[in-house]
Amino acid sequence: MRFRCLAVPLMLLALALPAFSQPKKLKVYISVDMEGVVGAVTGDQLGPGGFEYQRFREFMTREALAAVTAAKESGATEIVVSDSHGNGENLLIEQFPADVKIIRSWPRRLTMMAGIDSSFDAVIFIAYHSSTDNTAGVRAHTFSSGRLTHVAVNGTPFTEGAWNAAIAGHFGVPVVMISGDDAACAEVSKVVGNIETAVVKKSLGFHSAMTLTPEASYKLIAEKVKAGLARRAELGPFTIAKPVTVDVGFKHYLPAEVLSYLKGIERTGSHTIRFRVADMLEAADLMLVLNTYSVTLEP
């Protein structure tokens, strides 16, 4: 009888052990732009035609890798990295660990946040920039430096960072950290909340900055990623009230005029429109079309 009574608790303990031995999932999404990379100040660093582009692809990749390494050291079990600048083909993918997945090129739904869903636990922004509404910031723009002058959601001017945070928030995923210049970090934090910020350069103008060295930026990014992931439960997702009202300003009047012919799009000024949609996913789909479609894309 003694052995029989002892066997029951031992069996229960054996059944419970597999659950305790399984590592806790931590799935991280990292969206990487380039204007906010350490030392980047002009188009010379930001596109294939620039004489410093190849060097700065390396810096961009190393900043993303700093975030990946820090996330892994914080317990990340799955990481997705989104190449979200220019042609979407900037990151040197051969430098990433074999278990990291990388999203490349366009078009893609949810653009800079393609692939995000409710299975993720945290979002990190690397090398982001301030908005076209901001008077400060290196290479400040919103989605398109050549097309748009303003984007607002429910009356609040939005940066790309705030927009992407709202997409993550739709799925209940918090943004925990951002890197970039001081203007970008401050602008996103003001809207999204008190997330961790890695300021890798201080804006002195649209095309000038006081910058850290690359090695210093990698170290700072790693520190802030770890701090942000440790605070993810505290930070929580950035959510937008529904339905969602989006205001968009164009540099030229013609898009505003033609788009106003569509049902559901109101022309609010010579260069501006407004539309209302159910949620941020619908807003993202419509913004993708507004910002990328051109008749010249037709075969």
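Offset between the sequence shown (1-based) and the numbering used here: plus 7. Using N, Cα and C, we set each Cβ at its ideal position, and we do this for glycine too. It should be emphasised that the depicted structure is a prediction, and the values quoted were computed from it without experimental measurement.
Q61 versus T68: straight-line alpha-carbon distance, rounded:
11 Å
Looking at the unbroken alpha helix (DSSP H) that takes in E194, where does it start and where does it end?
189 to 199
Using a threshold of 9 Å, state whether the C-beta atoms of A190 and N141 are closer than that.
yes
Entirely within the region 75 to 124 and at least 3 residues each: give me those beta strand (DSSP E) ranges in chain order.
85 to 90, 107 to 110
What are the boundary residues of the beta strand (DSSP E) that K209 is part of?
For K209, the uninterrupted beta strand (DSSP E) segment begins and ends at 203 to 212.
What are the boundary residues of the alpha helix (DSSP H) that E241 is part of?
239 to 242
The region 95 to 104 touching the region 253 to 263, judged by at least three CB pairs closer than 8 Å:
no
Count the other CB atoms within 10 Å of the CB of P55; is the residue buried (16 or more) or exposed (fewer)?
exposed
Let me see if you follow: with CB-CB separation under 9 Å, is A74 close to chain C or not?
The structure shown contains no chain C; it holds only a single protein chain.
Classify M287: buried if its beta carbon has 16 or more other beta carbons within 10 angstroms, exposed otherwise.
When all chains shown are included, M287 counts as buried.
Run through DSSP, which three-state label would M41 get?
coil
Can you find a heavy atom of the ligand NAP that lies under 8 Å from the Cβ of A71?
Among the components of this structure there are no ligands whatsoever, and the ligand NAP is therefore not found.
Hey, out of L304, A129, V232, D51, whose CA is closest to F7's CA?
This structure gives no information on residue 7, because the portion of the chain shown stretches from 8 to 306.
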